[in-house]
Structure formats: structure tokens, C-alpha cells
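Colleague: Got a structure for you, questions after.
Numbering (our numbering), first residue to last: 1 to 155.
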């Protein structure tokens with residue numbers, strides 16, 4: 001029997017935050033309500049509310065109350081990386097799990113797995129991606145996706 005371990009680059013919470021922040025970046029010219037983002041990005045509203053309130057506490061977002069209220073950025077999205085979002089939301093984040101065995105690589109130092117060296121190199125590439133890709137870049141991808149989707153609906 002083979003056992004496969006799935007290595008997650010980041011949590012579902014972070015994935016939802018990235019989708020929501022990309023949407024918010026595309027609508028920077030106005031305050032945006034959680035309900036709008038949740039509907040547009042297919043994110044459970046209560047879950048997104050918790051994520052955004054945490055990002056307000058971390059001073060990434062600013063929230064305005066009232067009928068015309070909503071959220072906006074305190075830190076410009078071009079200055080926020082994927083790794084920043086991971087750190088804001090997932091305090092225990094470490095990309096150091098073994099690619100083949102349960103647990104972290106450090107637990108297997110005396111007898112590393114057969115792909116250890118390759119996994120270390122891949123982890124470095126992943127960290128480079130996470131620390132260099134910004135919310136603004138994700139918003140650009142989201143915008144292209146939206147346009148492609150709109151073209152398919154029209155055609």
C-alpha cells in the first residue's frame with residue numbers, strides 16, 4: 001500500500017484571503033463590502049469577515065462602518081506579498097514538512113528521505129515565489145481571468 005502526502009503551500013484561509021485581496025485591489029477606487037467580495041469570489045461570508053477583521057487588526061486593511069462603509073487597504077497591495085498574507089493569518093506557517101514521510105524534515109535528519117535534496121531546492125523556489133509575488137500581481141491575473149470568463153459567456 002502506498003501512502004501519499006499532499007503538501008499544501010498555504011491554508012484555505014490564506015487562499016480565500018488572497019482571492020479577496022485581489023478583488024479588493026481591483027476595486028481600490030472605492031470601499032468594498034465583505035458581502036460583495038464573498039459573492040464575487042465564492043467565499044463563505046462569515047469566514048471572509050473573520051479573515052478581514054484579522055487583517056484590520058494586523059493593519060493591512062482599514063474598515064469603515066455604516067451603510068456606505070466597507071474595506072480598503074492601509075498597506076498598498078503592491079507592497080503586500082503572498083508570504084506577508086501567510087504570516088498575518090497563519091502564525092505557525094513553516095514550509096518544512098518532509099515530501100515523503102510524516103512530520104517535518106528536521107525529524108528525519110539522521111536518515112533523510114530519497115527526495116530530500118530535491119525537495120529543499122523546490123522549497124527555495126516556492127519561498128521565492130511567495131516572497132516576491134504581490135497582491136497587485138494576483139489582481140492582474142484575476143482581471144485577466146474575469147475578462148476571459150466574460151468573453152466565454154458572450155460567445
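Glycine included, every Cβ here is placed at the ideal spot set by N, Cα and C. Since we're looking at a predicted model, the values are computed, not measured.
(1) Considering only the alpha carbon of each residue, which of 84, 87, 55 and 145 lies closest to residue 73?
(2) Quick check: what's the CA-CA separation for residue 39 versus residue 133?
(3) Quick check on this structure: which residue in 16, 23 and 14 has the alpha carbon closest to the alpha carbon of residue 143?
(4) Would you tell me roughly how many angstroms separate the C-alpha atoms of residue 44 and residue 75, rounded to the nearest one?
(5) Ignoring anything shorter than 4 residues, give me the alpha helix (DSSP H) runs that lie fully in the region 73-143, in order along the chain.
(6) From the DSSP secondary-structure annotation, give me the bridge partner or partners of residue 64.
(7) What span of residues does the alpha helix (DSSP H) with residue 54 cover, start to end?
(8) Assign residue 66 to one of two classes, buried (16 or more other C-beta atoms within 10 Å of its C-beta) or exposed (fewer than that).
(9) Flag this pair as yes or no: are the beta carbons of residue 226 and residue 136 separated by less than 8 Å?
(10) Just to confirm the assignment, what range does the alpha helix (DSSP H) spanning residue 37 have?
(11) Can you give the Cα-Cα distance for residue 81 and residue 59, rounded to whole angstroms?
(12) Is residue 10 helix, strand or coil when you go by DSSP?
(13) Mapping DSSP to helix, strand and coil, what is residue 22?
(14) Output yes or no for whether 8 Å exceeds the beta carbon distance between residue 89 and residue 14.
Modeller: Taking the coordinates as given:
(1) Comparing Cα positions, the closest option is 55.
(2) Rounded to whole angstroms, the gap between the alpha carbons of residue 39 and residue 133 is 25 Å.
(3) Of 16, 23 and 14, the smallest CA-CA separation from residue 143 is found for 23.
(4) Straight-line spacing of the CA atoms in residue 44 and residue 75 works out to 24 Å.
(5) Runs of the alpha helix (DSSP H) inside the region 73-143: 82-89 and 116-132.
(6) Its beta-bridge partners are 70.
(7) Start and end: 45-57.
(8) Classification for residue 66: exposed.
(9) Here the chain has residues from 1 to 155 only, and residue 226 is not among them.
(10) 34-41 is the span of the alpha helix (DSSP H), which, as asked, contains residue 37.
(11) Their backbone Cα atoms lie some 15 Å apart in a straight line.
(12) Correct three-state label for residue 10: coil.
(13) Correct three-state label for residue 22: helix.
(14) Contact flag set, yes.
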